[in-house]
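Shown next, in structure tokens, is the structure this report addresses.
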Amino acid sequence: MIFPRTRQILAGLCLSLLLLTTACAPEEPSRWDQVQQETTQKQPAAQTKTTTAATKPVSGDQFNKFFPQPGGGYERVYTQEKAGFAEAKLKQGGKDVAMLAISDTASNPSAAAKYQQSSKTIAGYPAVETGTTATSVLVSDRYQVKVLSRDPGFTKSDREAWLQKFDLDGLKNLPNTAQKS
Amino acid sequence: MSQAKPIFELVDQLPTNNMTVYALKALDFVVPGQWQNLVGFDNTIRTITGETDEGVIQQVGERAIQLYNDPSQGYQRAMWLYQTVNSAGGALGAAALANKISERVSFLSFLDRVTPKADKAQTIDLSLKLVTELVAFCQINGIPGDSIGDFVASLGDYSGESLMRMAALVCFDGLIPLGPDFILKTQSALSQLNPGDLTQHPVFKQIGGLIPGGNPAGQLGFINESFASTQGWMSNFVTSRNLTPDTVVSHLQNFIEISNDKLDYLGAFLDMTTNYYEHTGVQTLARRLIERAVAEI
Chain R
1 MIFPRTRQIL AGLCLSLLLL TTACAPEEPS RWDQVQQETT QKQPAAQTKT TTAATKPVSG
61 DQFNKFFPQP GGGYERVYTQ EKAGFAEAKL KQGGKDVAML AISDTASNPS AAAKYQQSSK
121 TIAGYPAVET GTTATSVLVS DRYQVKVLSR DPGFTKSDRE AWLQKFDLDG LKNLPNTAQK
181 S
Chain U
1 MSQAKPIFEL VDQLPTNNMT VYALKALDFV VPGQWQNLVG FDNTIRTITG ETDEGVIQQV
61 GERAIQLYND PSQGYQRAMW LYQTVNSAGG ALGAAALANK ISERVSFLSF LDRVTPKADK
121 AQTIDLSLKL VTELVAFCQI NGIPGDSIGD FVASLGDYSG ESLMRMAALV CFDGLIPLGP
181 DFILKTQSAL SQLNPGDLTQ HPVFKQIGGL IPGGNPAGQL GFINESFAST QGWMSNFVTS
241 RNLTPDTVVS HLQNFIEISN DKLDYLGAFL DMTTNYYEHT GVQTLARRLI ERAVAEI
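Read top to bottom, the protein sequences are chains R and U. The opening position of the first sequence corresponds to residue 1 in the numbering used here, with each subsequent residue numbered one higher. The opening position of the second sequence corresponds to residue 1 in the numbering used here, with each subsequent residue numbered one higher.
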């Protein structure tokens, strides 16, 4: 049994606790706040950078020659070329139908980790579906080659077909010198 | 360069109905259907990637934020360029104006605070905005900062908010303040410019450090070369779309009451009341970051 006085005290305690915690709670945290904080706080440079200190990513221009050739009504337009990354648009009849990309997972190791669970292969390389618009393979446990649909008419089987048009074996043989920092 | 707002905030806070948005919507006739005012970081990820899976959207957003916050990637420099080249316009009370834009804005009521720029200042403005586009393009896409050739080639592939930015550049900074022969006028003004004129210009004072060329004389050469290389694209843009100051003004009249004897002031008015460069620049950056992020995760 609880005495009336104890109840009063308890209620008062609860109320002040509630006020305190709500007053201290940050207002509506955004789903992006954490990563923003992690990537901007003053810490050793290696931690705020998108690349790890251990392995330097291959420069993006080295990837260009492994992209599929345009033709057959398709146009290829290179859009970005950064350290460890190259990307091109695939256009058909002036319309963007897909994006083609090669990235070096040295800059983003978690991207390579997802292939460990993969039971599927394309052209002999471990393959993964991400969301509903992306199919990718991992070459040499390191280079991620990805095709992303940008038009509903560009289907999963189109993505798989275009992945095979990359020079995946050429990418596999990227000179070892380029793979070390 | 200051550590500015997070990229997701910049995209979340893009306005949906201010003067800039109305002015850009009025230019839809120039590049029909190319520009929708895409705002909100989550929304932009969904629209660009076509993904609905929340887990994927979270990963894409986090990677995009990481990339933006890595100063070695150049995305922040591009943003700073877009913001800076825009901030030199003017400081007409934006808040005061914001109250008025839900109605049609009466142009005459602002005339006492608006002064047209001299042609010379206007031509430097135009060419600096063009060079900014080039330098920002190189920062975002990762090619060396002096790749005029790559830039000119990719202008042909410009679409969406990037094409709208160029349309606004041609209309609001070329045709309206300088008239139908704005290309010739700018070219001739540039040829008479000396490095000293350039270093006096408030925008150049800020962004000069990022313009290739080594010193003001070399930078002036680079600006001349950039303008010469893009003038073919601009003149084709104007002729293929039959653009004249009159056609642009008549579309602007749908949301601003402009009396025809005050057109001299319209360029200055737009300069002071809109920030189309920054607005579409945020949208371009968000798109590039998201496209890279979704390919990398």
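For every residue, glycine included, the Cβ atom is placed at its ideal position computed from N, Cα and C.
Residues bridged to residue i [DSSP beta-bridge criterion]
i	result
Arg31 of chain R	BP columns for Arg31 of chain R are empty, so no partner.
Met99 of chain R	R:Lys89 and R:Leu148
Ala217 of chain U	Ala217 of chain U pairs with nothing; no bridge assigned.
Lys183 of chain R	As displayed, chain R neither begins before 1 nor continues past 181, which places residue 183 of chain R out of reach and without an answer.
Glu75 of chain R	R:Lys91
Pro126 of chain R	R:Thr121
Asp173 of chain U	None, per the DSSP bridge assignment.
Tyr143 of chain R	R:Asp104 and R:Val139
Ala134 of chain R	R:Thr130 and R:Leu148
Ser59 of chain R	R:Ala83
6 angstroms CB neighbourhood of residue i in its chain, flanking five on each side removed
i	result
Glu278 of chain U	Tyr82, Gln83 and Asn86
Thr132 of chain U	Leu81 and Val85
Ala189 of chain U	Lys120 and Thr123
Leu134 of chain U	Phe151 and Ser226
Thr121 of chain R	Ala127
Lys165 of chain R	Pro68
Thr280 of chain U	Glu161, Met164 and Arg165
Exposed unless 16 or more other CB atoms sit within 10 angstroms - verdict on residue i
i	result
Lys205 of chain U	exposed
Asn275 of chain U	buried
Leu148 of chain R	buried
Ile7 of chain U	buried
Ser226 of chain U	buried
Gly214 of chain U	exposed
Gly72 of chain R	exposed
Ser136 of chain R	buried
Asp261 of chain U	exposed
Lys82 of chain R	buried
Glu28 of chain R	exposed
Asp271 of chain U	buried
Pro57 of chain R	buried
Ala168 of chain U	buried
Residues near residue i by beta carbon distance below 7 angstroms, same chain, minus five either side
i	result
Ala293 of chain U	Val60, Arg63, Ala64 and Leu67
Ala26 of chain U	His251, Leu252, Asn254 and Phe255
Asp49 of chain U	Correcting the residue identity first, residue 49 of chain U is Thr in this sequence and not Asp. Result list for Thr49 of chain U: Val60, Ile290 and Val294, in chain order.
Gly221 of chain U	Gly213
Lys156 of chain R	Thr135
Leu138 of chain R	Ala112, Tyr115, Tyr125, Pro126 and Gln144
Distance cut-off 7 angstroms: residue i Cβ against heavy atoms of the ligand MG
i	result
Ile211 of chain U	The ligand MG is absent from the structure shown, which contains no ligands of any kind.
Cβ neighbours of residue i in the same chain (closer than 8 angstroms, five flanking residues each side left out)
i	result
Lys91 of chain R	Tyr74, Glu75, Arg76, Val77 and Val97
Thr16 of chain U	Asn37 and Val39
Arg46 of chain U	Thr52 and Ile57
Ile258 of chain U	Phe107, Val249, Leu252 and Leu266
Ile297 of chain U	Val56, Gln59, Val60 and Arg63
Ser191 of chain U	Asn224
Gly93 of chain R	Gly73
Asp42 of chain U	Ile57 and Gly61
Could you name the residues of the stretch 156-169 of chain R whose beta carbon sits closer than 8 angstroms to any beta carbon of chain U, in the order they occur along the chain? none
Using Cβ-Cβ distances below 8 angstroms, what residues of the stretch 56-82 of chain R are close to chain U? Gly60, Val77, Thr79, Gln80, Glu81 and Lys82
If contact is defined by three or more beta carbon pairs under 8 angstroms, each pair taking one atom from either stretch, is the stretch 142-162 of chain R in contact with the stretch 99-109 of chain R? yes
When Cβ atoms are compared, which residues of the stretch 155-178 of chain U fall closer than 7 angstroms to chain R? Asp157
contact_flag[the stretch 117-126 of chain U, the stretch 188-205 of chain U] where n(CB pairs < 8 angstroms) is 3 or more: yes
Quick one: which residues of the stretch 136-150 of chain R get their C-beta closer than 9 angstroms to a C-beta of chain U? List them in chain order. Ser136, Gln144, Lys146, Leu148, Ser149 and Arg150
For the stretch 239-254 of chain U and the stretch 170-177 of chain U, state whether three or more C-beta atom pairs, one from each stretch, are separated by less than 8 angstroms. yes
Determine, using beta-carbon pairs with one atom in the stretch 21-41 of chain U and one in the stretch 153-163 of chain U, whether at least three such pairs fall under 8 angstroms. yes
Contact between the stretch 163-170 of chain R and the stretch 59-69 of chain R is defined here as three or more beta-carbon pairs at a separation below 8 angstroms; is this criterion met? yes
Cβ pair count under 8 angstroms reaching 3, the stretch 118-135 of chain R against the stretch 44-60 of chain U: yes
Listed in chain order, which residues of the stretch 112-131 of chain R have Cβ atoms closer than 7 angstroms to some Cβ of chain U? Thr130 and Gly131
Which residues of the stretch 128-143 of chain U have a Cβ closer than 7 angstroms to any Cβ of chain R? Give them in chain order. Asn141, Gly142 and Ile143
Near-chain R residues of the stretch 29-53 of chain U (beta-carbon distance less than 9 angstroms), N- to C-terminal order: Phe41, Asp42, Ile48, Thr49, Gly50, Glu51, Thr52 and Asp53
Could you run through the stretch 217-248 of chain U and flag, in chain order, every residue whose CB is less than 9 angstroms away from some CB of chain R? none
Determine which residues of the stretch 254-269 of chain U have a Cβ less than 9 angstroms from any Cβ of chain R, and write them out in chain order. none
Which residues, taken in chain order from the stretch 56-70 of chain U, show a beta carbon closer than 8 angstroms to some beta carbon of chain R? Val56, Gln58, Gly61, Glu62, Arg63, Ile65, Gln66, Leu67, Asn69 and Asp70
Using a Cβ-Cβ cut-off of less than 9 angstroms, list which residues of the stretch 29-43 of chain R approach chain U; keep chain order. Ser30, Arg31, Trp32, Asp33, Gln34, Val35, Gln36, Glu38, Thr39 and Thr40
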